[in-house]
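Each residue of the sequence shown is one higher than the one before, counting from 28 in the numbering used here. In what follows, a single structure is set out as structure tokens and then discussed.
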Amino acid sequence: MSKIPYSFVNNFDKFSFEFTRVEQQQDMPIFHFHDRYEVYYLFSGERYYFIDNRTYHVKPGNLVLIDKHTIHRTTGTFNDGYERALFYFNENFERQINDRFPSLKLFAVFHKDMHVIELTDSQRAYLEKLTYTIADECIQRQEGYQAYLEALFIQLLVYINRMSESKNLIAPKLNVGNSKINEIISFINENYMHKLTLTDITDSFFISMSYFTKTFKEATGFTFVEYLNNLRIKHAQYMLRKTDLQVSEIAVKVGFDSVTHFGRVFKSLTGVSPLRYRKTS
28 MSKIPYSFVN
38 NFDKFSFEFT
48 RVEQQQDMPI
58 FHFHDRYEVY
68 YLFSGERYYF
78 IDNRTYHVKP
88 GNLVLIDKHT
98 IHRTTGTFND
108 GYERALFYFN
118 ENFERQINDR
128 FPSLKLFAVF
138 HKDMHVIELT
148 DSQRAYLEKL
158 TYTIADECIQ
168 RQEGYQAYLE
178 ALFIQLLVYI
188 NRMSESKNLI
198 APKLNVGNSK
208 INEIISFINE
218 NYMHKLTLTD
228 ITDSFFISMS
238 YFTKTFKEAT
248 GFTFVEYLNN
258 LRIKHAQYML
268 RKTDLQVSEI
278 AVKVGFDSVT
288 HFGRVFKSLT
298 GVSPLRYRKT
308 S
């Protein structure tokens, strides 16, 4: 198989695979986070990838690693069209792999401060061949394909870990944004639980409102309110999963002064109410 013929999505119990080919520039409508590990590989085109408080200029042959619960979003450059593959690993798969191969620690690579890897030509050839094989199995679905896919996803994890340990790997440099915006994003990340307004930010960092809103949007692809709300909901999700705190208590702890507003924002970003999320997580 030399080329994946179309865009498609395949979801399985433990992992998922997506391939997308678009002819015109598209942006992810909102930045988001999820309970799965994500691997993003760009075949062609160029993208900007926002991960936490940094934006990367992603080019063909770049591999992007996204940890669970990490805020991220892709947006287009001036170039039209792109082709990319997405691989997702859920927590059930992580537990299974850790139980079967406890000494390998295959998911530790997602926790490193290394989000984008620039592959060599030989690494690209290997990874693309592996991707084509995965796509072919998803499409053909011959006998035993799910067991074979599981083996291929383990192979992918092992290969990513080997690449991450190579001394020849170079993480692409930040191509957009500036140090002031990165400083502000770090400040927001550390103070999201307090009342924060645009005026608070601009006064604290001695910049104009118009400059901040324009530059923040250019650097991240998001407005200040979008970023702050998503960050707060991310932390709320963690508390809903890991604590027995009441929803009203969690709302206050992540910076909302109204539980009604918290519930509305939570559902708009996750698709479910806080209580429903707690029951199903």
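For every residue, glycine included, the Cβ atom is placed at its ideal position computed from N, Cα and C.
Problem - Alpha carbon of Asn125 to alpha carbon of His262, nearest angstrom - result: Rounded to whole angstroms, Asn125 to His262 spans 25 Å at the Cα level.
Handout entry: Sub-8 Å separation of Gln314 and Leu157 beta-carbons
Key = Not covered by the structure: residue 314. The range shown for the chain is 28 to 308.
Practice task
Give me the Cα-Cα distance between Thr160 and Ile166, rounded to the nearest whole angstrom.
Solution key: Approximately 10 Å between the Cα atoms of the pair.
Problem - Other residues of its chain near Thr250: CB distance less than 8 Å, five sequence neighbours each side excluded - result: The residues are Thr240, Phe243, Lys244.
Problem - Simplified DSSP assignment, three categories, for Glu118 - result: The three-state secondary structure of Glu118, taken from DSSP, is helix.
Exercise for the section: Alpha carbon to alpha carbon, how far is Ile211 from Asn218? Give it in angstroms, no decimals. Expected result: Annotation: Asn218 to Ile211 spans about 10 Å, alpha carbon to alpha carbon.
Practice task
Please report how far the alpha carbon of Arg111 lies from the alpha carbon of Glu50, in whole angstroms.
Solution key: Approximately 12 Å between the Cα atoms of the pair.
Handout entry: Among Asp62, Ile78, Phe70, nearest to Tyr265 - alpha-carbon criterion
Key = The residue among Asp62, Ile78, Phe70 with its C-alpha nearest the C-alpha of Tyr265 is Asp62.
Practice task
Assign Ser206 to one of two classes, buried (16 or more other C-beta atoms within 10 Å of its C-beta) or exposed (fewer than that).
Solution key: By the neighbour-count rule (16 or more Cβ atoms within 10 Å), Ser206 is not buried but exposed.
Handout entry: Ile144 (DSSP reduced to helix, strand or coil)
Key = Ile144 falls in the strand class under three-state DSSP.
Practice task
Could you spell out where the alpha helix (DSSP H) holding Ser231 opens and where it closes?
Solution key: Note, Ser231: alpha helix (DSSP H), 225-232.
Practice task
Following the continuous beta strand (DSSP E) through Val49, name the residue where it begins and the one where it ends.
Solution key: Per DSSP, Val49 belongs to the beta strand (DSSP E) from 42-49.
Practice task
Measure the alpha-carbon distance for Ser295 versus Ser149 and round it to whole angstroms.
Solution key: In this structure, the CA atom of Ser295 is about 43 Å from the CA atom of Ser149.
Handout entry: Anticipated Cβ contact below 8 Å, Tyr76 with Thr97, distance rounded
Key = Actually they do not touch by this definition, with Cβ atoms about 11 Å apart.
Handout entry: Validate contact between the segment 217-234 and the segment 270-284 using beta carbons, cut 8 Å, 3 pairs
Key = Contact holds: three or more Cβ-Cβ distances are below 8 Å.
Exercise for the section: Enumerate in chain order the residues of its own chain whose CB-to-CB distance from Phe289 is below 6 Å, with the five nearest sequence positions on each side excluded. Expected result: Closer than 6 Å at the Cβ level, and outside the excluded window around Phe289, lie Ala278, Phe283.
Practice task
Helix, strand or coil for Thr270, going by three-state DSSP, please let me know.
Solution key: Per DSSP, reduced to three states, the secondary structure at Thr270 is coil, with no helix or strand assignment.
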